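In our numbering, the protein residues as written are 429 to 703. All remarks here apply to the structure that follows.
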Ligand code: AMP
């Protein structure tokens with residue numbers, strides 16, 4: 429006797445309320461779709477740790493600071509749904525924009541001045557948009573745990589602080605999944621083979637560089653030199669390359685408890701990573 433457990437696709441708030449009513453141990457994995465092994469690792473962790481798992485696919489317009497970037501963001505709902513079904517996810521939340529943003533579309537949330545570093549400095553309004561949609565999702569779904577990737581470390585850092593203060597939900601940090609040292613990302617779909625190889629070489633270079641920082645002090649100038657070197661070597665535009673403390677994202681002068689954060693453009697595609 430076969431037992432078919434159907435994955436439910438939820439589109440409206442009513443769908444959500446009906447499906448989730450009475451459930452107490454919900455794991456939530458927010459995504460913008462075009463799912464890859466990074467997303468899959470988050471989903472598997474939720475399936476393991478929670479009674480029910482809900483994955484959202486929503487390309488959040490208000491977190492994009494360029495219309496073109498929003499328009500070009502890869503979308504593959506059909507393929508994503510097949511994958512989620514295979515993984516035995518319980519619910520997929522696929523809201524239309526009007527379901528999430530009924531009223532005002534500009535975020536009321538403000539990022540502190542001291543948090544306007546790294547991506548917050550270069551993508552005006554981006555994290556305000558992320559926190560806004562995470563706030564809306566958490567209010568609607570009431571998850572016990574939210575699974576997020578270290579790949580987007582600053583997003584994880586800001587969301588964890590914001591959500592855990594306001595809701596009875598835990599934001600769980602998940603390791604970055606890589607292929608040949610390159611962090612998986614939906615945006616990688618926008619790169620040709622040539623640029624993908626370049627991105628892999630940049631990652632490899634930084635992994636080796638980070639090891640060299642062990643036991644060194646006052647590494648700030650070494651990091652600065654590396655930024656110049658990589659820009660020339662790979663002909664890339666680097667927005668930032670900085671060593672910062674994992675705990676509070678303050679600039680760090682030594683390897684311990686720190687990560688190297690990079691953002692750069694490859695053929696007009698913006699990539700971020702941390703090591
Ligand atoms: P996105 O669909 O890009 O908004 O990402 C959805 C979630 O997946 C976020 O929490 C990301 O940090 C996470 N994620 C994206 N890429 C990876 C990766 N390579 N490894 C682990 N998590 C990832």
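Glycine included, C-beta positions come from ideal geometry on N, C-alpha and C. Note that the structure is predicted; figures quoted are calculated from it, not measured.
Rounded to the nearest angstrom, what separates residue i and residue j at their Cα positions?
i	j	result
residue 558	residue 618	22 angstroms
residue 691	residue 531	33 angstroms
residue 527	residue 602	28 angstroms
residue 575	residue 470	6 angstroms
residue 607	residue 624	11 angstroms
residue 504	residue 462	5 angstroms
residue 651	residue 540	26 angstroms
residue 467	residue 676	25 angstroms
residue 494	residue 511	29 angstroms
residue 694	residue 449	45 angstroms
residue 565	residue 598	14 angstroms
residue 703	residue 434	39 angstroms
residue 680	residue 662	25 angstroms
Using DSSP with H/G/I as helix, E/B as strand and the rest coil, what is residue i?
i	result
residue 709	Because the chain in this structure spans residues 429 to 703, residue 709 falls outside the shown range and cannot be described.
residue 457	strand
residue 602	strand
residue 672	strand
residue 681	coil
residue 494	coil
residue 702	strand
residue 689	strand
residue 436	strand
residue 464	coil
residue 652	helix
residue 535	coil
residue 646	coil
residue 441	helix
residue 505	helix
residue 633	helix
Where DSSP assigns a beta bridge to residue i, which residues make up the other side?
i	result
residue 481	455
residue 530	Residue 530 is not bridged to any residue.
residue 694	697
residue 666	692
With 7 angstroms set as the bound, which would you pick, yes or no: does the beta-carbon of residue i sit closer than that to a beta-carbon of chain B?
i	result
residue 666	Absent from the structure is chain B; it holds one protein chain and no more.
Tell me the start and end of each unbroken alpha helix (DSSP H) in the region 553-629 that is at least 4 residues and wholly inside, in chain order. 554-569 and 581-594
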